[in-house]
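Colleague: Okay, handing you the structure first.
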Amino acid sequence: MSILSESKINQKIDEGELLIEPFSDCCLQPASYDLRVDQDYVLRGHCLVSSLETVGLPMDVAGLVRMRSTFGREGVFLSGGYIDPGYKGDITLCLFNAGDSI
245 MSILSESKIN QKIDEGELLI EPFSDCCLQP ASYDLRVDQD YVLRGHCLVS SLETVGLPMD
305 VAGLVRMRST FGREGVFLSG GYIDPGYKGD ITLCLFNAGD SI
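End of the sequence shown = 346 in this note's numbering, gap-free, step of one.
As structure tokens, this is what we get:
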């Protein structure tokens, strides 16, 4: 198993093998892409949220969804996180807020 680099993500998108729509250059990281939520949420307890992006993975790529550590330090946790090869659609996440600042 390997992790796609920024250049490999761009290459797969350019070749039509990988879909991230709408794509934003500011979300592309050295070895990942930061998904965004589809709307603003007030997070009290737990909440299901959907990604703004539609993701389409080729059959030789799986996805792993992780939360940025910034949110973890605020007491927000993510449940789930594996995206099967060949999946196409938005990503639904279950978030839990154990803190009171978000």
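Using N, Cα and C, we set each Cβ at its ideal position, and we do this for glycine too.
All figures in this text were calculated on a predicted structure; none of them were measured in a lab.
Could you tell me whether the Cβ atoms of Gly-330 and Leu-301 are closer together than 8 Å?
Modeller: Translated into the one-based positions of the sequence shown, residue 330 becomes position 86. Translated into the one-based positions of the sequence shown, residue 301 becomes position 57. Their beta carbons are under 8 Å apart, which means Gly-330 touches Leu-301 by this criterion.
Colleague: Identify the continuous alpha helix (DSSP H) that holds Gly-316 and give its terminal residues.
Modeller: Here residue 316 refers to the residue found at position 72 when the sequence shown is read from its first residue. Note, Gly-316: alpha helix (DSSP H), 313-317.
Colleague: Report the partner residues of Asn-254 according to the DSSP bridge assignment.
Modeller: Within the sequence shown, numbered from 1, the residue matching residue 254 stands at position 10. In the DSSP output, where bridge partners are listed per residue, Asn-254 has none listed.
Colleague: If I follow the unbroken beta strand (DSSP E) through Val-305, where does it start and stop?
Modeller: Here residue 305 refers to the residue found at position 61 of the sequence shown. Counting along the chain, Val-305 falls outside any beta strand (DSSP E), and DSSP gives it neither H nor E.
Colleague: Where do the ends of the beta strand (DSSP E) carrying Gly-333 lie?
Modeller: On the sequence shown, residue 333 is found 89 positions in, with the first residue counted as 1. Here the beta strand (DSSP E) through Gly-333 covers 332-341.
Colleague: From which residue to which residue does the beta strand (DSSP E) around Glu-265 run?
Modeller: Position 21 of the sequence shown, counting from 1, holds the residue named residue 265. Unbroken beta strand (DSSP E) run through Glu-265: 263-265.
Colleague: Tell me where the beta strand (DSSP E) around Ser-323 begins and ends.
Modeller: Indexing the sequence shown from 1 puts residue 323 at position 79. Where Ser-323 is concerned, the enclosing beta strand (DSSP E) stretches over 320-323.
Colleague: Would Arg-280 and Cys-270 be called neighbours here (beta carbons separated by less than 8 Å)?
Modeller: Position 36 of the sequence shown, counted from the start, is the residue given in the question as residue 280. Position 26 of the sequence shown, counted from the start, is the residue given in the question as residue 270. Cβ atoms of Arg-280 and Cys-270: not closer than 8 Å.
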